[in-house]
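Working notes for the structure below.
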Amino acid sequence: MPSTEVNQMLAAAAAACEDKKAEDIRILALDPSESGLTDYFLICNGTNDRQNVAISDEIEIRLKREFATYPNSVEGRRQGDWVLMDYVDFIVHIFSPEKRAFYGLERLRKTATRLSIEDLNAELRSQINASRKKKPAPAAVAPKKAVPAKKKSVPAKKAVPAKAAKKAPSKPLKKAATKKTVSVKSAKKAPAKSTAKKTAKSRS
């Protein structure tokens, strides 16, 4: 069974055909036993070759924009009377009315299941609903327990010993002060020597 994405791309291509006024749009779901190369044929026709090219351009632009998908190959775009676009999972055939009647792809694929655009959209909706039911409900996530913030241990400062704190560098004594005191003393002692000399002279 084709995937949901393939059916979405096919529905987008069919919608592009409708927007460009393509006529007699048909979707053939091919029998896998007869066609192992692709799942669907999307067949339509325009009123002239220029319209056929415009239809193919719109399909390519839309699938590129919505699905980031490019055709594996495109044939007949220059002539325009039969444009074939190969998207691997489905192939688009855009005919002129004469070419479509001549080749008769619908007649050749007798075992194929014919789908309208409405049928394809209904199948696509059922696929989407089925995929939603298969998805398990998201499990309830238990709230995360708050982890208490770790306290940063601040290293204790070393206590400064009291003795070391009290000891202040002793200022050196000024030498000039000692010199002054010595000079004062020597000045006081000097007159005693002179008086002693005077008494000695008087005795002699």
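Residue numbers (full-length UniProt numbering): 1 to 204. Positions of the beta carbon are idealized from the N, C-alpha and C atoms, including for glycine.
Is the Cβ-Cβ distance between LEU120 and ALA11 less than 8 Å?
Within the sequence shown, numbered from 1, the residue matching residue 120 stands at position 120. Within the sequence shown, numbered from 1, the residue matching residue 11 stands at position 11. Yes, these two residues count as a Cβ contact at 8 Å.
Looking only at its own chain, which residues have a Cβ that is under 6 Å from the Cβ of ASP81, when we skip the five neighbours before and after it?
The sequence position of residue 81 within the sequence shown is 81, counting from 1. For ASP81, where only same-chain residues beyond five positions count, the Cβ hits under 6 Å are ASP49, SER96, LYS99.
Can you give me the C-alpha to C-alpha distance between residue 205 and PRO2, rounded to a whole angstrom?
The structure shown does not extend to residue 205, since the chain spans only 1 to 204, so no value can be given for it.
Neighbour-count burial assignment, SER56, 16 or more Cβ in a 10 Å radius
Position 56 of the sequence shown holds residue 56. The residue in question, SER56, is buried, as its Cβ has 16 or more Cβ neighbours within 10 Å.
Can you list, in chain order, the stretches of the beta strand (DSSP E) that have 3 or more residues and sit fully within the region 41 to 126?
73 to 75, 82 to 86, 90 to 95, 113 to 115
DSSP-derived helix/strand/coil call for ALA15
As a first step, residue 15 must be located in the sequence shown, where it is residue number 15. It is helical.
Select from THR113, GLY76, ALA16 the residue whose C-alpha is nearest the C-alpha of LEU63.
Taking the sequence shown and counting its residues from 1, one reaches residue 63 at position 63. The option with the nearest alpha carbon to LEU63 is ALA16.
With a cut-off of 8 Å, do at least 3 Cβ pairs link the region 31 to 41 to the region 68 to 82?
no
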